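In what follows, a single structure is set out as structure tokens and then discussed.
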Amino acid sequence: MAQVFQVPKKIRRFFIEIGELSFFAGRFFKETLRQPFEFKELLRQCYQMGNRSMTLVLVTGFIIGLVLTLQSRPTMIQFGAESWMPNMVGISIVRELGPVITALVCAGRIASGIGAELGSMRVTEQIDAMEVSGTNPFKYLVVTRILATTLMLPLLVILGDAVALYGSALVEYFKGEVSFRLYFNTVFDALSYGDLIPATIKSFFFGFAIGLVGCFKGYYCKKGTAGVGLAANTAVVFTSMLLFVIDFVAVFISDIFYEL
Amino acid sequence: MMKAQKDKLLQEQGTDTRKVMLEIKDLYKSFGDNHVLNGFNLKLYQGENLVVMGKSGSGKSVMIKCLVGLMQPDRGFISVMGQEIKTLDRETLDVLRSDIGFLFQGSALYDSMTVRENLEFPLRRHTEKVGVVADTGPLVLEALESVGLAQTMNLMPEELSGGMKRRVALARALILRPKIILYDEPTSGLDPITAKEIIELMRHIQKKYDTSSLIITHDVDCARVISERMILLVDGINYAEGSYEELITSKDPKVEAFFKK
Numbered sequence: 001m002a003q004v005f006q007v008p009k010k011i012r013r014f015f016i017e018i019g020e021l022s023f024f025a026g027r028f029f030k031e032t033l034r035q036p037f038e039f040k041e042l043l044r045q046c047y048q049m050g051n052r053s054m055t056l057v058l059v060t061g062f063i064i065g066l067v068l069t070l071q072s073r074p075t076m077i078q079f080g081a082e083s084w085m086p087n088m089v090g091i092s093i094v095r096e097l098g099p100v101i102t103a104l105v106c107a108g109r110i111a112s113g114i115g116a117e118l119g120s121m122r123v124t125e126q127i128d129a130m131e132v133s134g135t136n137p138f139k140y141l142v143v144t145r146i147l148a149t150t151l152m153l154p155l156l157v158i159l160g161d162a163v164a165l166y167g168s169a170l171v172e173y174f175k176g177e178v179s180f181r182l183y184f185n186t187v188f189d190a191l192s193y194g195d196l197i198p199a200t201i202k203s204f205f206f207g208f209a210i211g212l213v214g215c216f217k218g219y220y221c222k223k224g225t226a227g228v229g230l231a232a233n234t235a236v237v238f239t240s241m242l243l244f245v246i247d248f249v250a251v252f253i254s255d256i257f258y259e260l
Numbered sequence: 001m002m003k004a005q006k007d008k009l010l011q012e013q014g015t016d017t018r019k020v021m022l023e024i025k026d027l028y029k030s031f032g033d034n035h036v037l038n039g040f041n042l043k044l045y046q047g048e049n050l051v052v053m054g055k056s057g058s059g060k061s062v063m064i065k066c067l068v069g070l071m072q073p074d075r076g077f078i079s080v081m082g083q084e085i086k087t088l089d090r091e092t093l094d095v096l097r098s099d100i101g102f103l104f105q106g107s108a109l110y111d112s113m114t115v116r117e118n119l120e121f122p123l124r125r126h127t128e129k130v131g132v133v134a135d136t137g138p139l140v141l142e143a144l145e146s147v148g149l150a151q152t153m154n155l156m157p158e159e160l161s162g163g164m165k166r167r168v169a170l171a172r173a174l175i176l177r178p179k180i181i182l183y184d185e186p187t188s189g190l191d192p193i194t195a196k197e198i199i200e201l202m203r204h205i206q207k208k209y210d211t212s213s214l215i216i217t218h219d220v221d222c223a224r225v226i227s228e229r230m231i232l233l234v235d236g237i238n239y240a241e242g243s244y245e246e247l248i249t250s251k252d253p254k255v256e257a258f259f260k261k
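Structure representation (structure tokens):
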């Protein structure tokens with residue numbers, strides 16, 4: 001009978017992990033405000049994360065813009081709404097697709113990288129060596145990486161959005177004979193601050209989630225090389241899940257504001 | 001009379017005036033049902049080379065990690081140069097750690113940094129000890145020269161052999177001029193010749209910098225060459241204590257079994 005009321009081990013483990021992640025986030029906020037500040041390392045991480053993910057974000061963004069326009073065109077023509085193409089694509093990309101796709105790409109690229117890097121540092125006692133040398137490894141490794149992802153993701157999203165719109169404009173130019181100037185004028189007319197601000201705020205949270213989960217999985221990596229692989233893998237899975245949850249909450253909240 | 005016997009006699013008579021650098025009293029540490037340390041005791045005196053031996057998994061590394069605050073013991077007293085570790089805040093503990101050099105089992109060099117950056121890393125935090133140094137080059141060079149690897153300054157750890165990595169790690173442990181050096185399995189994973197070189201280097205460093213050393217090992221040869229006093233860690237307690245000669249000639253079945261393995 002007792003078996004019936006027992007919470008399955010996997011679910012219990014999931015909630016324990018959520019609790020541990022919350023403590024980890026709490027420690028991040030506490031350590032961020034404490035001196036000494038690791039500016040040099042923060043800049044290095046910003047460069048690493050921004051620069052190394054840029055190509056991937058550019059390619060993905062361009063293809064998304066291209067494909068979205070190509071796929072939507074026939075239906076829009078069918079309904080006689082061809083002239084609404086720039087508005088539809090612009091709003092979709094800026095509000096939703098740009099931030100989410102960029103964040104998912106970065107989750108695969110950055111969260112797994114952080115998970116594997118910190119995991120291998122844990123396994124090879126490099127984190128312990130930092131601690132013994134009097135440097136706070138949490139501040140040096142974790143705080144700088146989470147701040148870097150939080151700051152860099154919105155920039156990558158803006159870049160991704162711009163390239164996606166360019167890809168869409170290219171399709172419209174060749175297929176619909178719409179000039180670039182007309183296309184971008186229509187897009188910017190259709191967009192309002194109500195589209196840009198929530199999307200930008202959302203991107204900061206996405207960046208924070210990517211850094212937080214990647215660091216959490218790597219920092220508490222279990223011993224052994226298998227643990228490093230697992231840390232990288234679960235970092236991507238967990239981050240992707242968290243991104244959708246954040247997206248849902250963000251859309252829900254911004255929807256309330258739209259209604260007002 | 002041998003040195004270890006003399007020390008023992010002095011301790012028994014209560015006339016031992018040597019300065020205690022490290023002290024552990026009744027140290028307990030468990031991982032679930034696995035009771036690793038069950039009341040372990042240790043005293044390391046100034047200028048002494050103390051070897052703690054035990055089988056793999058006997059709790060040697062756990063003990064050494066408790067010493068520097070990398071692990072929290074379940075209970076027990078740990079004091080480093082008269083300061084109880086448990087009572088120290090992070091700042092004070094970090095300052096105290098600058099007096100302790102730690103050589104990790106796998107060297108633990110930061111693989112994203114060059115040898116020079118590896119050695120500079122402890123300096124960035126402990127400016128109170130070395131002063132605000134604009135150019136850390138001479139300090140790094142001196143530390144590397146003391147381990148015979150001055151030419152590796154700009155190499156990455158992946159470009160070094162296992163023995164060289166261990167030497168660089170030793171140079172990093174030395175750069176803050178520690179009073180105590182903790183060696184966690186200093187010869188593990190090395191071939192016999194390189195292991196011998198590392199042991200010689202440890203002896204040379206102890207003489208040159210007058211450090212006190214606590215060496216954790218299961219390498220009997222290493223213990224024979226370097227130890228002044230030895231502790232055999234069995235079942236989480238200091239099962240036997242004495243000089244190498246005393247332990248090797250012991251008739252106790254557990255001590256005999258350890259040295260005959």
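These protein sequence lines map, in sequence, to chains A and B.
Counting along the first sequence from 1, when you hit position 161 you're at 161 in our numbering, and nothing is skipped either side.
Counting along the second sequence from 1, when you hit position 197 you're at 197 in our numbering, and nothing is skipped either side.
Every residue, glycine too, gets a C-beta built ideally from N, C-alpha and C.
No experiment lies behind these values; they were computed from the predicted model shown.
1. Taking 8 Å as the CB-CB cut-off, is T249(B) touching chain A?
2. Based on the DSSP output, what are the partners of Q83(B) in its beta bridges?
3. Counting only C-beta atoms, is Q126(A) closer than 8 Å to chain B at any point?
4. Between H126(B) and chain A, is any beta-carbon pair separated by less than 8 Å?
5. Which residues in chain A have a C-beta closer than 7 Å to the C-beta of Y110(B)? List them in chain order.
6. Reducing DSSP to helix, strand and coil, say where F258(B) ends up.
7. Counting Cβ pairs closer than 8 Å, one from the segment 206-226 of chain B and one from the segment 179-196 of chain B, do we hit at least three?
8. Quick test of your reading: T152(B) and L160(B), contact by CB under 8 Å. State the CB separation rounded to the nearest angstrom.
9. May I ask you to report which of helix, strand or coil DSSP gives V68(B)?
10. Between D128(A), V142(A), A250(A), which has its C-alpha nearest V213(A)'s C-alpha?
11. Along the segment 85-101 of chain B, what residues have a CB closer than 8 Å to any CB found in chain A?
12. Go to I215(B), then tell me how far its beta strand (DSSP E) extends in each direction, as first and last residue.
13. Rounded to whole angstroms, what is the Cα-Cα separation between G227(A) and G119(A)?
14. To the nearest angstrom, how far is the alpha carbon of G176(A) from that of S192(A)?
15. Are the segment 91-101 of chain A and the segment 156-173 of chain A touching, with three or more C-beta to C-beta distances below 8 Å?
16. Going by other Cβ atoms of all chains shown within 10 Å of its Cβ, with 16 needed for buried, is L33(A) buried or exposed?
17. Does any residue of chain B bring its CB to less than 8 Å from the CB of F15(A)?
18. Are the segment 33-45 of chain B and the segment 194-209 of chain B touching, with three or more C-beta to C-beta distances below 8 Å?
19. With H, G and I counted as helix, E and B as strand and the rest as coil, what does DSSP make of V36(B)?
20. Looking at the unbroken beta strand (DSSP E) that takes in R18(B), where does it start and where does it end?
21. For F121(B), go through chain A and note every residue whose CB falls closer than 8 Å to its CB, in chain order.
22. Tell me whether Y220(A) sits in a helix, a strand or coil according to DSSP, three-state version.
23. Against L70(B), what residues of chain A qualify as contacts under a CB-to-CB distance less than 8 Å, listed in chain order?
24. On the DSSP bridge list, what partners appear for E23(B)?
25. Are the CB atoms of A235(A) and G115(A) within a distance shorter than 8 Å?
26. Does the contact criterion of 3 or more C-beta pairs under 8 Å hold for the segment 60-77 of chain A versus the segment 17-30 of chain A?
27. Please report the distance separating the alpha-carbon of V220(B) from that of E48(B).
28. Just how far apart, CA to CA, sit S53(A) and A199(A)?
29. Using a Cβ cut-off of 8 Å, pull out every chain A residue sitting near G106(B), in sequence order please.
30. Do K29(B) and G59(B) count as a contact pair if the criterion is CB distance below 8 Å?
31. Closest by CA to M202(B), which one among P192(B), R229(B), R166(B)?
32. CA-CA distance, I77(A) and F204(A)?
33. On the criterion of 16 or more Cβ atoms from any shown chain inside 10 Å, does T307(A) qualify as buried, or is it exposed?
34. If we cut at 8 Å on Cβ distances, does L43(A) have a partner in chain B?
35. Would you say the beta carbon of L230(A) comes nearer than 7 Å to a heavy atom of the ligand GDP?
36. Would you identify the three-state DSSP class for G263(B), choosing helix, strand or coil?
This is what the structure holds:
1. Taking the second sequence and counting its residues from 1, one reaches residue 249(B) at position 249. Chain A, which has no Cβ nearer than 8 Å to the Cβ of T249(B), makes this no.
2. Position 83 of the second sequence holds residue 83(B). DSSP lists V80(B) as partners of Q83(B).
3. Here residue 126(A) refers to the residue found at position 126 when the first sequence is read from its first residue. Taking Cβ atoms only, chain B reaches closer than 8 Å to Q126(A), which makes this a yes.
4. Taking the first residue of the second sequence as 1, we reach residue 126(B) at position 126. Answer yes: the Cβ-Cβ gap between H126(B) and chain A drops below 8 Å somewhere.
5. Taking the first residue of the second sequence as 1, we reach residue 110(B) at position 110. Chain A residues near Y110(B): Q126.
6. By one-based count along the second sequence, residue 258(B) stands at place 258. Helix at F258(B).
7. Contact between the segment 206-226 of chain B and the segment 179-196 of chain B is present, because at least three Cβ pairs lie under 8 Å.
8. In the second sequence, residue 152(B) corresponds to position 152, counting from 1. In the second sequence, residue 160(B) corresponds to position 160, counting from 1. At roughly 6 Å, the Cβ-Cβ gap stays under 8 Å, so T152(B) and L160(B) are in contact.
9. Taking the first residue of the second sequence as 1, we reach residue 68(B) at position 68. Here DSSP, grouped into helix, strand and coil, assigns V68(B) to coil.
10. Start at 1 with the first residue of the first sequence, and residue 213(A) comes out as number 213. For the residues D128(A), V142(A), A250(A), the minimum Cα distance to V213(A) belongs to V142(A).
11. Residues of the segment 85-101 of chain B whose Cβ lies closer than 8 Å to any Cβ of chain A, in chain order: R90, D94, V95, R97, S98, I100.
12. Taking the second sequence and counting its residues from 1, the one referred to as residue 215(B) is at position 215. 212-217 is the span of the beta strand (DSSP E), which, as asked, contains I215(B).
13. Working through the first sequence from its first residue, we reach residue 227(A) at position 227. Working through the first sequence from its first residue, we reach residue 119(A) at position 119. Whole-angstrom Cα-Cα distance: 7 Å.
14. What you label residue 176(A) is simply residue 176 of the first sequence in a count that begins at 1. What you label residue 192(A) is simply residue 192 of the first sequence in a count that begins at 1. Pairing G176(A) with S192(A), the inter-Cα distance amounts to about 25 Å.
15. Between the segment 91-101 of chain A and the segment 156-173 of chain A there are three or more inter-stretch CB-CB distances shorter than 8 Å, so the stretches are counted as touching.
16. Reading the first sequence from its first residue, position 33 is the one you call residue 33(A). Exposed is the call here.
17. Counting from one through the first sequence, the residue named residue 15(A) turns up at place 15. Not a single CB atom of chain B sits nearer than 8 Å to the CB of F15(A).
18. Contact fails: fewer than three Cβ-Cβ distances are below 8 Å.
19. Within the second sequence, residue 36(B) is the residue found at index 36, counting from 1. Three-state result, V36(B): strand.
20. If you number the second sequence from 1, residue 18(B) lands on position 18. Per DSSP, R18(B) lies in no beta strand (DSSP E) and is assigned neither H nor E.
21. Here the question's residue 121(B) lines up with position 121 in the second sequence. Under the 8 Å cutoff, chain A gives M130, S133, T135.
22. Taking the first residue of the first sequence as 1, we reach residue 220(A) at position 220. Here Y220(A) carries a coil assignment [DSSP, helix/strand/coil].
23. Mapped onto the second sequence, residue 70(B) falls at position 70. Neighbours of L70(B) in chain A, taken as residues at a C-beta separation under 8 Å, are given in chain order as D128, E131, V132.
24. As a working note, residue 23(B) is residue 23 in the second sequence. The bridge partners DSSP lists for E23(B) are K43(B), S79(B).
25. Working through the first sequence from its first residue, we reach residue 115(A) at position 115. Working through the first sequence from its first residue, we reach residue 235(A) at position 235. Cβ atoms of G115(A) and A235(A): closer than 8 Å.
26. As far as the Cβ criterion goes, the segment 60-77 of chain A does not touch the segment 17-30 of chain A, which means the pair count is below three.
27. Residue mapping note: residue 220(B) aligns to position 220 of the second sequence, counting from 1. Residue mapping note: residue 48(B) aligns to position 48 of the second sequence, counting from 1. So the two alpha carbons sit approximately 18 Å from each other.
28. On the first sequence, residue 53(A) is found 53 positions in, with the first residue counted as 1. On the first sequence, residue 199(A) is found 199 positions in, with the first residue counted as 1. Roughly 20 Å separates the two Cα atoms.
29. Residue numbering aside, residue 106(B) sits at position 106 when the second sequence is read from its first letter. When 8 Å is used as the limit between beta carbons, G106(B) is near these residues of chain A: T124, E125, in chain order.
30. If you number the second sequence from 1, residue 59(B) lands on position 59. If you number the second sequence from 1, residue 29(B) lands on position 29. Closer than 8 Å, so yes.
31. As a first step, residue 202(B) must be located in the second sequence, where it is residue number 202. The candidate whose alpha carbon is nearest that of M202(B) is R166(B).
32. If you number the first sequence from 1, residue 77(A) lands on position 77. If you number the first sequence from 1, residue 204(A) lands on position 204. Near 37 Å, if we compare the C-alpha coordinates of F204(A) and I77(A).
33. Because chain A spans 1 through 260 in this model, residue 307(A) falls outside it and cannot be assessed.
34. By one-based count along the first sequence, residue 43(A) stands at place 43. With 8 Å as the cut-off, L43(A) does not count as an interface residue toward chain B.
35. The model on display carries no ligand, and the ligand GDP is accordingly not part of it.
36. Nothing about residue 263(B) can be read from this structure; chain B reaches only from 1 to 261.
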